[in-house]
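Asks:
Numbering (my numbering), first residue to last: 39 to 467.
1) Can you list, in chain order, the stretches of the alpha helix (DSSP H) that have 4 or more residues and sit fully within the region 358–409?
2) Using the beta-carbon count (16 or more within 10 Å), is residue 144 buried or exposed?
3) Tell me the DSSP secondary structure of residue 323 in three-state form.
4) With distance defined between alpha-carbon atoms, name the residue in 158, 84, 108, 53 nearest to residue 78.
5) Is the beta carbon of residue 344 less than 8 Å from the beta carbon of residue 407?
6) With residue 87 and residue 376 assumed to form a contact (beta carbons below 8 Å), what rounded beta-carbon distance in angstroms separates them?
7) Taking C-alpha atoms, which residue in 95, 218, 286, 240 lies nearest to residue 188?
8) Quick check on this structure: which residue in 297, 359, 368 has the alpha carbon closest to the alpha carbon of residue 381?
9) Just the C-alpha distance for residue 292 and residue 284, rounded to the nearest angstrom, thanks.
10) Quickly, what does DSSP pair residue 345 with across the bridge? List them, please.
11) With a CB to CB cut of under 6 Å and the five nearest residues on each side skipped, what residues in its chain are close to residue 258?
12) Please confirm whether residue 95 and residue 236 have their CB atoms less than 8 Å apart.
13) Return the first residue and the last residue of the alpha helix (DSSP H) that residue 436 is part of.
14) Within the chosen definition, does the region 270–279 reach the region 247–254 through at least 3 CB pairs nearer than 8 Å?
15) Quick test of your reading: residue 307 and residue 272, contact by CB under 8 Å. State the CB separation rounded to the nearest angstrom.
16) Can you tell me whether residue 165 is buried or exposed? The criterion is at least 16 other CB atoms within 10 Å of its CB, across all chains shown.
17) Of the choices 392, 296, 314, whose alpha-carbon is the least far from that of residue 57?
18) Excluding sequence positions up to five away, which residues of its chain have a Cβ less than 6 Å from the Cβ of residue 290?
19) Helix or strand or just coil, what does DSSP make of residue 41?
20) Measuring alpha carbon to alpha carbon, tell me which of 203, 225, 146 ends up nearest residue 185.
21) Is the distance from the Cβ of residue 301 to the Cβ of residue 266 below 8 Å?
22) Return yes when the Cβ of residue 199 is within less than 8 Å of the Cβ of residue 349, no when it is not.
23) Taking Cβ to Cβ, would you say residue 263 is nearer than 8 Å to residue 329?
24) What residue range does the beta strand (DSSP E) around residue 70 cover?
25) For residue 173 and residue 104, I'd like the C-alpha separation in whole angstroms.
26) What's the gap between the Cα of residue 55 and the Cα of residue 214?
27) Would you grab the beta carbon distance between residue 394 and residue 427 for me? Rounded to a whole angstrom, and I think it's under 8 Å.
28) Between the C-alpha atoms of residue 233 and residue 155, what's the straight-line distance to the nearest angstrom?
29) Give me the residue from 74, 180, 93, 100 with the minimum Cα distance to residue 84.
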């Protein structure tokens, strides 16, 4: 890794600083509750029902957030080396196993927070062959319990799922799959009540789901405005924190207020004709998780080539994946979201159908796709999605790199690859 060339992303929005400040304060409070006060807490995957924990005021550490946190501190290579030294394969899926690697390294002097204490429970959906091994062995190493959740097969292969998911979610996500997820969530609630002594409040949960709809509506409005605006007012380097940080706290008073403030700031920038680049000429789409160890990568060619990353999955996902007409069934509505989150982001025909539609909505000139060599789930639908985008007239560059493993990343080389690709394709030059 050419660490010296990695760059911080440029931040210009007031909301970006506000989100970062809030998350730093939250991190300190979470550390106090989990590490110092030893409250019951859980380690969970991103595609599990966080809302159940929020409704019960049980702290959670999301595996993907923890991996990004470790990666941002430039510790991933150290821990992966320690994992290999303990006999694990060097080609383990990096994004999901970095937390396990940190635990196995057992280095309190280097680990964030000095390492994590034993969680009450660890929760993951069985979305791929390796995740049950990662969480099973991680829970054993931490002396905790693993609560696996199924990933029921989705047989309704509707590539336009995103057009119907808000109001017709019972049909789109299939009643049998929803019912199965509800049963599992009820079992999880019973386990949490038994282990923590805290009670699940149906009224509080219903209110939380209503507030999530409000929050995601604000983010979706901002995404719509950004896609339509010429020039793009906010690059994904600032879209990501203003979307993802509130998502970790979705439904809270702060998250709803921040989403609204972000939308308002975006609309103001659009009205003033502000551009993320002073000479936008190429509108780029980023497909994959963020490169958390080098956020400056996304803005490296804005001024030199007028190449602006205007799209990533995080922000526009707020509308079709999160907003639900509750119909008096908040638990079922949540189940419909959880049942298919990974499929819509990683598997055909859902992934490619949505992303082609989004490329057309945002006037994308070219796409850059992260192809992490050891992350099987992130590779599942990428090549078919690339083929679909190319068929729709959008050239695609695939980058073999990882979102949290900085060992094989070189900032200058990666930026040069994108530059050469755009020159070769002549994308909206």
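Positions of the beta carbon are idealized from the N, C-alpha and C atoms, including for glycine.
Since the structure is predicted, the reported quantities are computational estimates derived from the model, not experimental observations.
Replies: For this structure:
1) Secondary structure in the region 358–409: the alpha helix (DSSP H) runs of 4 residues or longer, each lying completely within the stretch, are 368–376, 379–384, 388–400 in chain order.
2) Here residue 144 corresponds to residue number 106 of the chain shown, with the count starting at 1. Its Cβ having fewer than 16 others within 10 Å, residue 144 is exposed.
3) Here residue 323 refers to the residue found at position 285 when the chain shown is read from its first residue. Residue 323: strand per DSSP, three-state reduction.
4) Here the question's residue 78 lines up with position 40 in the chain shown. Out of 158, 84, 108, 53, 158 has the C-alpha closest to the C-alpha of residue 78.
5) The residue labelled residue 344 in the question sits at position 306 within the chain shown. The residue labelled residue 407 in the question sits at position 369 within the chain shown. It is not a contact, given that the beta carbons lie outside the stated cut-off.
6) In the chain shown, residue 87 corresponds to position 49, counting from 1. In the chain shown, residue 376 corresponds to position 338, counting from 1. The C-beta distance from residue 87 to residue 376 rounds to 5 Å, short enough to fall under 8 Å.
7) Along the chain shown, read from residue 1 onward, the residue named residue 188 stands at position 150. Of 95, 218, 286, 240, the residue nearest in Cα terms is 218.
8) Counting from one through the chain shown, the residue named residue 381 turns up at place 343. Per the Cα distances, 359.
9) Reading the chain shown from its first residue, position 254 is the one you call residue 292. Reading the chain shown from its first residue, position 246 is the one you call residue 284. Cα to Cα, residue 292 sits roughly 8 Å from residue 284.
10) Locating residue 345 in the chain shown gives position 307, counting from the first residue. Beta-bridge analysis with DSSP links residue 345 to 320.
11) The residue given as residue 258 occupies position 220 in the chain shown. Excluding residues within five positions, the ones whose Cβ falls inside 6 Å are 356, 357.
12) For this step, residue 95 is matched to residue 57 along the chain shown. For this step, residue 236 is matched to residue 198 along the chain shown. A contact, by the Cβ cut-off of 8 Å.
13) Counted from its first residue, the chain shown places residue 436 at position 398. Counting along the chain, residue 436 falls outside any alpha helix (DSSP H), though it belongs to the beta strand (DSSP E) covering 434–437.
14) At 8 Å Cβ cutoff, the stretches do not touch.
15) Taking the chain shown and counting its residues from 1, the one referred to as residue 307 is at position 269. Taking the chain shown and counting its residues from 1, the one referred to as residue 272 is at position 234. At roughly 7 Å, the Cβ-Cβ gap stays under 8 Å, so residue 307 and residue 272 are in contact.
16) Taking the first residue of the chain shown as position 1, residue 165 is located at position 127. Residue 165 comes out buried.
17) One-based indexing of the chain shown puts residue 57 at position 19. Nearest option by C-alpha distance: 296.
18) If you number the chain shown from 1, residue 290 lands on position 252. So no residue of the chain qualifies.
19) To locate residue 41, count along the chain shown from 1; it is residue 3. Because residue 41 sits at a pLDDT of 42, beneath the cut-off of 50, its placement in the model cannot be relied upon, and the following sentence gives the value as read from the coordinates. If DSSP states are grouped into helix, strand and coil, residue 41 belongs with the helices.
20) Reading the chain shown from its first residue, position 147 is the one you call residue 185. If we check each option's Cα against that of residue 185, 225 comes out closest.
21) Here residue 301 corresponds to residue number 263 of the chain shown, with the count starting at 1. Here residue 266 corresponds to residue number 228 of the chain shown, with the count starting at 1. In this structure, residue 266 does not lie closer than 8 Å to residue 301 by Cβ.
22) Numbered from its first residue, the chain shown carries residue 349 at position 311. Numbered from its first residue, the chain shown carries residue 199 at position 161. The answer is no: Cβ separation not under 8 Å.
23) Residue mapping note: residue 263 aligns to position 225 of the chain shown, counting from 1. Residue mapping note: residue 329 aligns to position 291 of the chain shown, counting from 1. Not a contact, by the Cβ cut-off of 8 Å.
24) Stepping through the chain shown from its first residue, residue 70 is reached at position 32. Run containing residue 70: none; DSSP gives neither H nor E here.
25) In the chain shown, counting from the first residue as 1, residue 173 sits at position 135. In the chain shown, counting from the first residue as 1, residue 104 sits at position 66. Computed Cα separation, rounded: 14 Å.
26) On the chain shown, residue 55 is found 17 positions in, with the first residue counted as 1. On the chain shown, residue 214 is found 176 positions in, with the first residue counted as 1. Rounded to whole angstroms, residue 55 and residue 214 show a C-alpha spacing of 43 Å.
27) On the chain shown, position 356 is the one that residue 394 refers to. On the chain shown, position 389 is the one that residue 427 refers to. Right, their Cβ atoms sit about 6 Å apart.
28) Your numbering for residue 233 matches position 195 in the chain shown. Your numbering for residue 155 matches position 117 in the chain shown. Whole-angstrom Cα-Cα distance: 16 Å.
29) Indexing the chain shown from 1 puts residue 84 at position 46. Ranking 74, 180, 93, 100 by Cα distance to residue 84 puts 100 first.
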